[in-house]
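Here is the structure we will look at.
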Amino acid sequence: MSGSNERICYGCRKSGHLLEDCKQKRRCPRCGQGYVKWMQVVKVLKTKGRLFFCCSEEECTYFKWDNGKPSGEFVEGQSSSVGLDKSVGKEINEELSSMFKLLASISEEKDVEISFNLTIRKGQGKRKELDNHCKNQDNVQDAEA
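Numbered according to this note's numbering, the sequence shown spans residues 110 to 254.
Structural data, given as structure tokens:
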């Protein structure tokens, strides 16, 4: 089993390409920043050869034993929540719903029209950029109020 994680794609465990080029790669359901890697235990005797999933981001603690083929395979850029852990999709949906309710109440309370453009991107670092943008927008709104 030595080298069983070498010269293969960590997204689909096939040879011929790497994770960054894999059409089946999927975002980590825990952090949303890295990609799920499909790896094989090579050192521990008790679990040697067993497959597991982990995140490509070092600081993320996502780990799950493989009990079959990975679910939610999708092509990068697909417009749906396929490939996301259901709890993550639900969390995002709840956050957006809460945000829209807040905007509606502000619009009604202040008698203003609020318009915005919502863009959702998959990609490493995009979430951090969005978080920073939102913080900057909050600071602008606080200064205007």
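Idealized CB from N, CA, C, for every residue including glycine.
Can you tell me whether residue i is buried or exposed, with buried defined as 16 or more other CB within 10 angstroms of its CB?
i: LYS157; result: exposed
i: LYS219; result: exposed
i: ARG139; result: buried
i: SER216; result: exposed
i: GLY141; result: buried
i: ILE223; result: exposed
Alpha carbon to alpha carbon, how far is residue i from residue j?
i: LYS123; j: ASN176; result: 18 Å
i: LYS173; j: GLY120; result: 14 Å
i: SER207; j: THR170; result: 28 Å
i: LEU212; j: VAL221; result: 10 Å
i: GLU203; j: LEU154; result: 43 Å
i: GLU129; j: PHE161; result: 19 Å
i: CYS131; j: SER214; result: 43 Å
i: MET148; j: LYS210; result: 42 Å
Quick check on residue i: does DSSP put it in helix, strand or coil?
i: LEU160; result: strand
i: LYS155; result: coil
i: LYS134; result: coil
Report the option in the options whose CA atom is closest to the CA atom of residue i.
i: GLU115; options: VAL151, ASP130, CYS137, LEU205; result: VAL151
i: CYS164; options: GLY143, GLN149, CYS118; result: GLY143
i: GLU166; options: PHE209, LYS132, ARG136; result: ARG136
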